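Chains as they are written, first to last, in our numbering: chain G, 1 to 233; chain H, 1001 to 1233; chain A, 2001 to 2233; chain X, 3001 to 3233.
Backbone N, C-alpha and C fix where the C-beta goes; we use that ideal spot for every residue, glycine too.
If you're wondering where the values come from, they're calculated on a predicted model, not measured in any experiment.
These notes are about the structure you will find just below.
4 protein chains.
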Amino acid sequence: MFMDTMKSLRDIVYKANMELAASGLVMGTFGNLSAVDRAAGVFVIKPSGVPYGQLTPSHMVPVSLETGEAVGSGLRPSSDTATHLELYRAFDCGAVVHTHSEYATLFAQVRTPIRCMGTTHADYFRGDVPVTRPMTRPEVESDYERNTGLVIVETFRDISPSEVSAVLVANHGPFTWGPDAPTAIENARVLEYLARLEWRARTMVPDASRPDTFLIDRHFLRKHGPGAYYGQK
Amino acid sequence: MFMDTMKSLRDIVYKANMELAASGLVMGTFGNLSAVDRAAGVFVIKPSGVPYGQLTPSHMVPVSLETGEAVGSGLRPSSDTATHLELYRAFDCGAVVHTHSEYATLFAQVRTPIRCMGTTHADYFRGDVPVTRPMTRPEVESDYERNTGLVIVETFRDISPSEVSAVLVANHGPFTWGPDAPTAIENARVLEYLARLEWRARTMVPDASRPDTFLIDRHFLRKHGPGAYYGQK
Amino acid sequence: MFMDTMKSLRDIVYKANMELAASGLVMGTFGNLSAVDRAAGVFVIKPSGVPYGQLTPSHMVPVSLETGEAVGSGLRPSSDTATHLELYRAFDCGAVVHTHSEYATLFAQVRTPIRCMGTTHADYFRGDVPVTRPMTRPEVESDYERNTGLVIVETFRDISPSEVSAVLVANHGPFTWGPDAPTAIENARVLEYLARLEWRARTMVPDASRPDTFLIDRHFLRKHGPGAYYGQK
Amino acid sequence: MFMDTMKSLRDIVYKANMELAASGLVMGTFGNLSAVDRAAGVFVIKPSGVPYGQLTPSHMVPVSLETGEAVGSGLRPSSDTATHLELYRAFDCGAVVHTHSEYATLFAQVRTPIRCMGTTHADYFRGDVPVTRPMTRPEVESDYERNTGLVIVETFRDISPSEVSAVLVANHGPFTWGPDAPTAIENARVLEYLARLEWRARTMVPDASRPDTFLIDRHFLRKHGPGAYYGQK
């Protein structure tokens, strides 16, 4: 039964990684997506540095939530595996995505949050998308990928990862997450859209006024709150 | 006969919404288009939150111009229905479009009108495309979508909605309209083109001189005035 | 024999207009291309306001170089016909193109020349692409399209139209020309490329130094001068 | 055997030039790629000014590393051949690429290095991508293409061409190189991506802080150093 679950999760993760490749959000072999099966104590992630065109479901690598080690023989998991692991440990989410999408990466490189400037942003994220602090030399030189995850978690000390499901790692790039793989990809896609808008806003009107909080809340809750009335029942 | 009219209008609205989806002006399930049959007292609009790939003509929702309620059982209409309703009540138009097209949304987010800086703009809109005032807390917290329509109408107190068939709702996005669905979509498409140009103009030469009014009038009237001489007779 | 010449020229102009439509340099029915047969005293141009998808070679309209009138019955010629006419009268060229390509139009709208900042520019145009002066009220209100042509010609009083085969009409858009239709289109395409680069240069480093004249000359003459050594003999 | 080697190298260079044409990094017939066979003392390069659609492997031109002359009869080699030659003489590389890709060319035109602002840059290039000094009048007026190569080599006096495999020639455009043709193209592609990000960074936050050197080193060495752990073993 464990094998069945893994097969199914591998299929999901394979398909989602291929969708990510087709989305224009990744460059070359960059970018990776994982999804978790918490009952099985395992998440499945893309292997490291294999061109998207050569991937098959069986290449996807199961990793133990407890040990962080690949389960069974097979390919080496994504070099960002330890970052995904820390996000699964700290956040209540079902899938994690890392891309180098151009505009979100830009904001990461200049360490500037993506402000919530309108209803499109508020339909997805309830507030600014934050940037992590720069990592220290010890954090970079040892256990770099794990520390990347920890510094993300630290950034969400006072932010709900369910209300803002995205982060920019300083001088690196974006991570997004969600209850499942399609939602995590959708969040990566919307994040890129919002980053494009925000870059254009800042280059044209650097000191534009923010929208009122009651407008943000209205839109976020219209789609995500208990009284949500967007879409079909 | 009412059923025939509705079937035909549903077909028109379905096809126009699909064209909108293919235009690149909408993102995900965002964006909606409606068209009105004033004799029948009904307009037809896209349902709320259904992926474009799953839509069929029968999903389109007829709404009463008098009550604002969906006519007959069926899907829930777009969450922006009450906004469309107020535009049909106040403006002499046959179709309304709402998109989140990137550049027009940008101008809405920074509350900056799209100035009329050249003949391409004047070929379509006789003057600046205005931004609504920010909505108040009571307007947002109760009857939000209807109040969105009312604040648009208020913006056109001194502007002719036939000469400028587009508006930017503050921190939200653009609405356009026209005598029929293709023209309303064309206006949305041109608005996005003009917003791109204006953003680039403002980031390069913020204080560029405006063209003379007689040049604007010449172009608008060459295509829209009584002595229009553009196109075939 | 006149009919044969016209048939052949109509085919050329039809094909070139369709290539223009596919190039992304025009929007909707905007944009037009003409080509001249000086021996026959006629140029052929696109008709006004017909969607590109409906055009056929027989729709192309021959116009007399002497009278500026359409020759024979048929469709109304492009509303910009009188502009093309004045360019054929003043410049030694075989084809004229008008587009609303986005970046070139932007420079026209903010009345800013496209400076010659590098070798890519110099490979095509030997110096800045100029902007016309704004037209006066009388020029706009009567014989507008003819006056557009005259104001372009005035702009080239001290510039060789063979060395710089492009112009920006103030608050309007670009015209390009060349010995034949493919070259005129190529110039429109390159102009747009150069406008994109120049816009990005001006938004990033407004006061960048210009390249030395000997570098410009080297590149222009390597392709266009008597001792040209680019391409195969 | 020399003929066999040449046939194989011509095939490689032909295919790589076609890939370059499809990459969006070149415009028209601009752009060229060569690859070297050091044992045979020959590199093979694209002919000058032939449209990509007409190229075949047999059009590729072998050039002697010793004399810089085309070997055997055939087409005239790319006008940039002498530049490639000097790079092969000075750098330990197997292939050279020249493009007019838009953003990299922009940085060349405003003589601004592409700073290393994040991990995506560091994954490929260990430090800023430099700009050559402007060339002098004698350098431009005689042996221009050879001097272009020499001025590139001069720029790398204190930079390792293996760690930074790209350069911007002032007011001209980018050259990249690598151990083989696919890597040289990949470097051209990544350079363009990095130039886009850096242009957006500079227009938004001109004085953004640079990342720490230990972060750059970590990423460069994770992929390129002796202890590289990216990809499969």
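Give me the residue from the options with the minimum Cα distance to residue i.
| i | options | result |
| --- | --- | --- |
| residue 1090 (chain H) | H:1072, H:1182, H:1192, H:1148 | H:1148 |
| residue 1116 (chain H) | H:1193, H:1227, H:1082 | H:1193 |
| residue 114 (chain G) | G:33, G:174, G:88 | G:174 |
| residue 3150 (chain X) | X:3082, X:3171, X:3181 | X:3082 |
| residue 2165 (chain A) | A:2097, A:2134, A:2058, A:2025 | A:2097 |
| residue 1202 (chain H) | H:1110, H:1215, H:1123 | H:1110 |
| residue 3068 (chain X) | X:3045, X:3112, X:3134 | X:3045 |
| residue 3185 (chain X) | X:3139, X:3032, X:3007, X:3070 | X:3032 |
| residue 2134 (chain A) | H:1222, H:1209, H:1039 | H:1209 |
| residue 3190 (chain X) | G:169, G:27, G:10 | G:27 |
| residue 3072 (chain X) | X:3006, X:3172, X:3055 | X:3006 |
| residue 2124 (chain A) | A:2054, A:2187, A:2022, A:2080 | A:2187 |
| residue 3025 (chain X) | X:3207, X:3195, X:3223, X:3206 | X:3195 |
| residue 3086 (chain X) | X:3155, X:3008, X:3207, X:3228 | X:3155 |
| residue 3169 (chain X) | A:2120, A:2142, A:2008 | A:2120 |
| residue 3222 (chain X) | G:54, G:8, G:143 | G:143 |
| residue 21 (chain G) | G:55, G:9, G:225 | G:55 |
| residue 228 (chain G) | H:1227, H:1049, H:1225, H:1216 | H:1049 |
When you compare the CB positions of residue i and residue j, do they come within less than 8 angstroms of one another, or not?
| i | j | result |
| --- | --- | --- |
| residue 2103 (chain A) | residue 2199 (chain A) | yes |
| residue 2051 (chain A) | residue 2061 (chain A) | no |
| residue 197 (chain G) | residue 1197 (chain H) | no |
| residue 1043 (chain H) | residue 1100 (chain H) | no |
| residue 137 (chain G) | residue 3220 (chain X) | no |
| residue 3112 (chain X) | residue 3131 (chain X) | yes |
| residue 108 (chain G) | residue 3118 (chain X) | yes |
| residue 13 (chain G) | residue 88 (chain G) | no |
| residue 1092 (chain H) | residue 1162 (chain H) | yes |
| residue 3218 (chain X) | residue 153 (chain G) | no |
| residue 1145 (chain H) | residue 1079 (chain H) | yes |
| residue 1122 (chain H) | residue 1034 (chain H) | no |
| residue 2232 (chain A) | residue 3157 (chain X) | no |
| residue 11 (chain G) | residue 57 (chain G) | yes |
With a threshold of 8 angstroms between beta-carbons, can residue i be considered close to chain A, or not?
| i | result |
| --- | --- |
| residue 3063 (chain X) | no |
| residue 3155 (chain X) | no |
| residue 3234 (chain X) | In the structure displayed, chain X extends from 3001 to 3233; residue 3234 (chain X) sits before or after that span and is not available. |
| residue 1212 (chain H) | yes |
Taking CB distances under 8 angstroms as the criterion, tell me whether residue i reaches chain X.
| i | result |
| --- | --- |
| residue 2126 (chain A) | no |
| residue 2118 (chain A) | yes |
| residue 2104 (chain A) | no |
Taking 8 angstroms as the CB-CB limit, is residue i close to chain H?
| i | result |
| --- | --- |
| residue 208 (chain G) | yes |
| residue 2075 (chain A) | yes |
| residue 4 (chain G) | no |
Hey, is residue i's beta-carbon within less than 8 angstroms of any beta-carbon in chain G?
| i | result |
| --- | --- |
| residue 3161 (chain X) | no |
* **Short-range partners of chain A found in the segment 1191-1206 of chain H, where Cβ spacing is below 8 angstroms** => Residues passing the 8 angstroms Cβ filter: 1193, 1196, 1197, 1200, 1201, 1203, 1204, 1205.
* Inter-stretch contact (C-beta, 8 angstroms, three-pair minimum) for the segment 1178-1185 of chain H and the segment 1006-1018 of chain H -> Yes: at least three Cβ pairs fall under 8 angstroms.
* To do: Using a Cβ-Cβ cut-off of less than 9 angstroms, give me the residues of the segment 1006-1037 of chain H that come near chain A, in sequence order.
  => Cβ contacts with chain A: none found.
* To do: For the segment 2167-2193 of chain A, enumerate the residues whose C-beta is nearer than 9 angstroms to any C-beta of chain X, in chain order.
  => Closer than 9 angstroms at the C-beta level to chain X, one finds these residues of the segment 2167-2193 of chain A: 2186, 2189, 2190, 2193.
* Residues of the segment 46-70 of chain G whose Cβ lies closer than 7 angstroms to any Cβ of chain H, in chain order -> Those residues of the segment 46-70 of chain G that come within reach of chain H (Cβ to Cβ, closer than 7 angstroms) do not exist; the list is empty.
* the segment 128-149 of chain G: which residues have C-beta closer than 8 angstroms to a C-beta of chain X, in chain order? -> Those residues of the segment 128-149 of chain G that come within reach of chain X (Cβ to Cβ, closer than 8 angstroms) are 134, 135, 137, 140, 141, 144.
* Using a Cβ cut-off of 8 angstroms, which residues of the segment 90-114 of chain G contact any Cβ in chain X, in chain order? -> Those would be 100, 102, 103, 105, 106, 108, 109, 110, 111, 112, in chain order.
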